[in-house]
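To keep things clear, I will list the structure first and then write my remarks on it.
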């Protein structure tokens with residue numbers, strides 16, 4: 001890919017970070033914030049959603065386009081969801097715990113908290129909210145974070161409800177699960193201060209670190225999402241949604257800049273050719289005897305073929321704008337939004353069973369010459385008409401350069417068209433939830449993860465690598481509880497929640513079954529001398545296999561209880577006496593060999609530290 005001078009191009013970017021909060025209950029009801037398997041659903045229902053006018057009588061363009069596609073939305077409900085998620089009961093007041101976490105985040109971002117927070121409705125008609133809107137509340141504004149390339153302002157901090165989770169995409173709609181709907185979510189929007197892909201990634205990483213510093217955000221795939229707003233000076237603002245990994249942000253920004261540069265180059269070429277878009281036409285007769293499987297299938301089902309001539313577009317519809325994506329792909333994305341499988345165009349034909357003579361006949365039918373291109377759609381009559389019109393409209397915008405739009409992030413760092421950019425008409429007040437007056441003085445500023453790393457080294461004696469691993473790890477709050485509440489050995493606790501869990505996962509132990517109580521119970525038994533340090537992995541393995549057990553029950557079941565000190569000494573003495581000649585000859589040099597034998601004799605019922613201490617004493621007596 002071409003190297004770009006981002007300063008010369010006038011790159012401007014901003015981030016929207018969406019992070020689920022790890023609260024006990026959802027934002028507007030008392031349901032737990034746990035995810036369920038679709039098979040656990042106890043009932044389901046169906047909805048059709050339609051856009052509504054705002055308080056000013058306007059309809060949002062993005063919502064209007066979404067509504068043009070007739071779709072049915074089905075929802076899975078559980079014994080852990082309620083009528084609020086189903087939109088059959090008014091929402092409750094804003095969750096207190098979620099408000100507290102948001103205020104902590106506001107302090108970390110150096111933001112000004114609002115005097116009074118009002119819940120708003122944001123129109124969403126893709127089915128991800130049963131109500132047809134998402135509830136969102138501005139909690140703070142005007143903050144800042146630091147990056148190596150300068151400060152990045154933070155525009156706003158919103159407290160929102162998470163959307164429903166997609167389970168299955170269907171031909172006529174979507175199946176959603178209500179388990180995720182209503183989980184508290186913060187949205188952090190930066191100002192457009194980002195000037196390079198590297199700075200975008202660094203800003204996202206910094207915000208992610210600050211969020212995790214609270215110890216009260218959910219972790220794992222899908223719990224944090226990044227949207228990136230990107231534009232260059234001659235291009236347009238494009239919102240890219242659904243970036244799952246921080247590692248992808250710099251590549252995504254780089255690829256979007258490249259796409260806009262290529263679209264501007266194509267625009268300039270089209271203008272030199274005096275390009276224009278022709279009228280949509282029915283060309284079904286041209287393909288009456290076609291051998292193309294796609295077209296034949298549509299016609300045999302009562303469909304038709306529609307076409308639009310693109311005068312002056314020859315060779316440019318197939319021009320690459322991102323890796324494996326062309327201008328024709330953009331046209332196809334718009335056609336797909338209206339139910340078509342995609343488009344064919346003359347830059348790629350003959351192909352897909354379309355013969356040379358059919359391409360020539362197509363050009364003649366629509367009046368296209370050698371410098372022109374033609375795009376076609378084969379589908380049922382209604383879809384064919386809507387899809388070719390959508391493709392023609394996208395071709396029209398190519399004459400202007402880069403369209404403002406919302407795009408989705410692909411796994412390879414490229415993007416695809418989703419819908420137009422939303423406007424202000426999608427927001428209006430929520431009348432069912434009273435405003436709140438947040439008080440930032442009631443919360444303490446959380447310790448930063450970077451500060452935790454230093455404290456874990458100084459206070460607990462962890463080495464730098466382990467300290468960082470624990471501080472940034474998913475079980476950091478569990479580690480702190482083990483050390484501060486139970487008095488567990490810090491190194492053992494850190495190794496248990498990080499290294500031991502990783503090792504067990506590699507051995508296919510179902511560690512996802514382990515709860516905080518399992519870990520804390522196991523570490524407490526070690527601290528009280530009820531089992532040995534070396535048994536931690538075996539105890540957790542037993543608990544993962546049978547999560548209903550307590551740690552004490554697992555120790556008893558597996559025979560992992562600790563031997564008393566006199567029992568340990570008796571066993572060590574037997575080992576020393578059995579190797580008396582070696583001890584007299586080698587003295588303390590015999591320690592290593594006898595240590596392994598002593599531990600084996602005790603069968604894991606004693607801590608290595610205790611065995612080592614007693615063994616040294618007994619060797620010294622005889623040396």
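Numbering (full-length UniProt numbering), first residue to last: 1 to 623.
The C-beta atom is built at its ideal place from N, Cα and C for all residues, glycine as well.
- Message: Alpha carbons only, please: which of 19, 170, 174 and 549 is nearest the one belonging to residue 126?
- Response: 174
- Task: Would you kindly check if the distance between the Cβ of residue 124 and the Cβ of residue 158 is under 9 angstroms?
- Result: no
- Query: Under the DSSP definition of a beta bridge, which residues are partnered with residue 46?
  - Reply: 74
- Task: Can you grab the Cα-Cα spacing for the pair residue 180 / residue 532, in whole Å?
- Result: 40 angstroms
- Task: Taking all protein chains shown into account, decide if residue 221 is buried (16 or more other Cβ within 10 angstroms of its Cβ) or exposed.
- Result: exposed
- For residue 380, which residues from the same chain have a beta carbon less than 6 angstroms from its beta carbon, with the 5 sequence-adjacent residues on both sides left out? 303
- Quick one, which of 609, 31, 416 and 539 has its alpha-carbon nearest residue 324's? 416
- Between the CA atoms of residue 108 and residue 463 - distance to the nearest angstrom: 27 angstroms
- Message: Please return the same chain residues whose Cβ sits closer than 6 angstroms to the Cβ of residue 267, not counting the five positions on each side in sequence.
- Response: 401
- Say whether the segment 304 to 321 touches the segment 267 to 286, bearing in mind that this needs 3 or more beta-carbon pairs closer than 8 angstroms, one atom from each stretch. yes
- If you count every other CB in all the chains shown that lies within 10 Å of the CB of residue 578, and 16 or more means buried, which is it? exposed
- Message: Counting C-beta neighbours from all protein chains within 10 Å, is the total for residue 43 16 or more, i.e. buried, or is it exposed?
- Response: exposed
- Message: If I measure Cβ to Cβ from residue 218 and keep anything under 6 angstroms in the same chain, skipping five residues before and after, which residues do I get?
- Response: 20 and 22
- Query: Is the segment 166 to 173 touching the segment 132 to 141 in the sense that three or more CB pairs, one from each, lie closer than 8 angstroms?
  - Reply: no
- Task: In angstroms with no decimal places, state the Cα-to-Cα distance between residue 486 and residue 40.
- Result: 36 angstroms
- Query: Where do the ends of the alpha helix (DSSP H) carrying residue 268 lie?
  - Reply: 249 to 272
- Task: Please list the segments of the alpha helix (DSSP H) lying wholly inside the segment 176 to 230, counting only runs of 4 or more residues, in order along the chain.
- Result: 197 to 213
- Query: Going by the beta-carbon positions, is the gap between residue 478 and residue 504 smaller than 9 angstroms?
  - Reply: no
- Query: Could you check where the beta strand (DSSP E) with residue 158 kicks off and where it finishes?
  - Reply: 150 to 161
- Query: Considering only C-alpha positions, which residue in the set 374, 378, 327 and 350 is nearest to residue 341?
  - Reply: 378
- Count the other CB atoms, across all protein chains shown, that sit within 10 Å of the CB of residue 640; report buried if there are 16 or more and exposed otherwise. Nothing about residue 640 can be reported from this structure: the residues present for the chain run from 1 to 623 only.
- Those residues which DSSP pairs with residue 239 across a bridge: 229 and 406
- Would a C-beta distance cut-off of 9 angstroms place residue 491 and residue 529 closer than the cut-off? no
- Query: With C-beta atoms as the reference, is residue 251 less than 9 angstroms away from residue 192?
  - Reply: no
- Item | Simplified DSSP assignment, three categories, for residue 304 | strand
- Task: Consult DSSP for residue 458 and reduce its assignment to one of helix, strand or coil.
- Result: helix
- In the DSSP assignment, find the beta strand (DSSP E) that holds residue 428 and state where it starts and stops. 427 to 429
- Measuring alpha carbon to alpha carbon, tell me which of 254, 163, 208 and 260 ends up nearest residue 245. 208
- Query: Could you give the residue range of the beta strand (DSSP E) that holds residue 142?
  - Reply: 133 to 147
- Identity of the residue in 412, 230, 618 and 468 nearest residue 573 by Cα: 618
- Item | Stretch pair the segment 286 to 301 + the segment 354 to 372: three plus CB contacts closer than 8 angstroms | yes
- Which full runs of the alpha helix (DSSP H) of 4+ residues lie inside the segment 355 to 407, going along the chain? 356 to 366 and 381 to 398
- Beta-carbon proximity list for residue 240, same chain, < 7 angstroms, skipping 5 on both sides: 227, 228, 230, 252, 256, 407, 409 and 415
- Item | Short Cβ contact (9 angstroms threshold) for residue 130 with residue 201 | no
- Item | Straight-line gap, residue 89 to residue 83 (C-alpha atoms, nearest Å) | 5 angstroms
- Query: Would you report the Cα separation of residue 447 and residue 100, rounded to the nearest angstrom?
  - Reply: 15 angstroms
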